[in-house]
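Following: one structure in structure tokens, then a few remarks.
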Amino acid sequence: QTEEIVLLRAKRDAEMAQRAVERAKLRRDRLIEALIPREKQGMIDSQARAALTQAKTVVSLPMMIQKKELDIEQMQRDLAESKEKLAEMKADRQGMTILAPRSGIVFYGQEKLGKWSEISTREKQLIPGGSVSANSVLMTVVDPDLLSVVADLTEEQLAEVEVGQLAIVKPKSMLNGQMYAQVVEVDSVAQSDGKYKATLRLRRADADNDGLVPGMTSDVKIRIKKSAEAIMIPTSVIHQDEFSEQDGPYVWLAGDEPKKQPVTLGLERDKKQEILEGLSAGDEILKNAPKK
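And the structure:
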């Protein structure tokens, strides 16, 4: 029995070895038939892809280099522009430090014909975060020692006021006070409807203590003419016939037979008219035209 058992075991081992050999043959055949060709094809494909990638790289590399060079040039231009803009901003920043060109009083806005109409607007704009339009006058420095008076003239007054005439100025800030001035400029172009501007230079005896500042108002009386021998008559006694051959002004001279006397008119003041020609001192004139 023992020999029989040994033989059976040997036979079983031989069979198992035989099956192992067969399985090894199957694996070998599968490797030869499928796996090795597949791996070979995979290696061929990988090599082809690598070659394609290399070819693409060879073709695209010059373009990539050129693009990088262009990018560098653009970055250099951007850097130069940024530096230039920074320099401009620094210059603008320095320009924002405003130094007064002279001593005086600072007013918001710009003076126009003696008035400061922009003060309230500039006060709202000149705040942190505020903005103003380009070319705007933000502030004006006025020398209080160099004040002038700007007066409004009517069309009738324009014909009478001349440069060099003297005037009396009564500032409303000075109670019962007055100052003297002289006409230095008369505008011939109207600033508003029927209004013309005359500029007068003040004669200030005590500029440091008279209390005058730009923007104040005053009453102005200009001496148009000075004549001790001027003949003045009430305007109510002067007559003028319209639509007649003699349509000039005239007065009625008193007498047994009143008669018309043509006259040449001069200045008119306080309802009185200056007579340049036609009357002499002592002539009597009628208040009303004689009844027919």
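So the number in my numbering is just where the residue sits in the sequence shown, counting from 1, plus 11. Note that CB positions come from ideal geometry on N, CA and C, so glycine has one too. For clarity, every value in this text was computed on a predicted model and none was experimentally measured.
task: Measure from the alpha carbon of G304 to the alpha carbon of each residue in Q272, N299 and E295, then state which is nearest.
output: The shown model of the chain, from 12 to 303, leaves out residue 304, and the question about it has no answer.
message: Suppose the cutoff is 8 Å on Cβ atoms and the five residues either side in sequence are ignored; what does the same chain contact list for A265 look like?
response: E295, I296 and L297
task: Check whether the segment 196-207 touches the segment 149-158, counting contact only when three or more Cβ pairs, one atom from each stretch, lie closer than 8 Å.
output: no
task: Answer with buried or exposed for E173, where buried requires no fewer than 16 other C-beta atoms within 10 angstroms of its C-beta.
output: Burial call: exposed.
task: Sort E167, E166, S159 and L169 by Cα distance to I179 and report the nearest one.
output: S159 is the residue among E167, E166, S159 and L169 whose C-alpha sits nearest the C-alpha of I179.
message: Suppose contacts are defined by Cβ-Cβ distances below 9 Å. Is G277 in contact with Q284 by that definition?
response: yes
task: Determine the closest residue to Q251 out of I138, Q121, V161 and A300, with distance taken between C-alpha atoms.
output: A300
- prompt: Would you report the Cα separation of S131 and Y119, rounded to the nearest angstrom?
  reply: In this structure, the straight-line span from the alpha carbon of S131 to that of Y119 is close to 8 Å.
task: List the DSSP bridge partners of P245.
output: K283
task: Could you tell me which of M107, K96, R113 and V161 sits nearest to G125, measuring between CA atoms?
output: V161
- request: Go ahead and label I76 buried or exposed: buried means 16 or more other beta carbons lie within 10 angstroms of its beta carbon, across all protein chains shown.
  value: exposed
field: the segment 210-221 contacting the segment 164-171, beta-carbon criterion three pairs below 8 Å
entry: The answer is no - the segment 164-171 does not touch the segment 210-221, with fewer than three Cβ pairs under 8 Å.
query: With respect to the alpha helix (DSSP H) encompassing V224, which residues constitute its N-terminal and C-terminal limits?
result: It is not in any alpha helix (DSSP H) - V224 carries neither H nor E in the DSSP assignment.
query: In its own chain, which residues sit with a C-beta less than 7 Å from the C-beta of A35, not counting the 5 before and 5 after it?
result: none
message: Considering only DSSP beta bridges, list what V143 is partnered with.
response: Answer is none; V143 lacks a bridge partner.
- prompt: Using CA coordinates, which residue listed in A241, S291, V262 and F254 is at the minimum distance from E279?
  reply: A241
message: Please return the same chain residues whose Cβ sits closer than 7 Å to the Cβ of P245, not counting the five positions on each side in sequence.
response: K282 and K283
task: Since I believe Q176 is in contact with R113 (beta carbons under 8 Å), could you give me their beta-carbon distance rounded to a whole number of angstroms?
output: A Cβ-Cβ separation of about 30 Å leaves R113 out of contact with Q176 under the 8 Å criterion.
- request: Grab me the residues of T228's own chain with a C-beta within less than 6 Å of its C-beta, minus the 5 sequence neighbours each way, in chain order.
  value: K183
message: Buried or exposed, going by whether 16 or more other CB atoms sit within 10 Å of the CB of I83?
response: exposed
message: For the beta strand (DSSP E) containing E92, name the first residue and the last one.
response: Careful: E92 lies outside any beta strand (DSSP E), inside the alpha helix (DSSP H) at I47 to G106.
field: Cutoff 7 Å; reference K232; Cβ partners in own chain excluding five residues on either side
entry: When the five nearest sequence neighbours on each side are left out, the beta carbons in the same chain lying within less than 7 Å of the beta carbon of K232 are those of A178 and I179, in order along the chain.
Distance, K206 Cα to I249 Cα: Spanning the two alpha carbons is a distance of roughly 28 Å.
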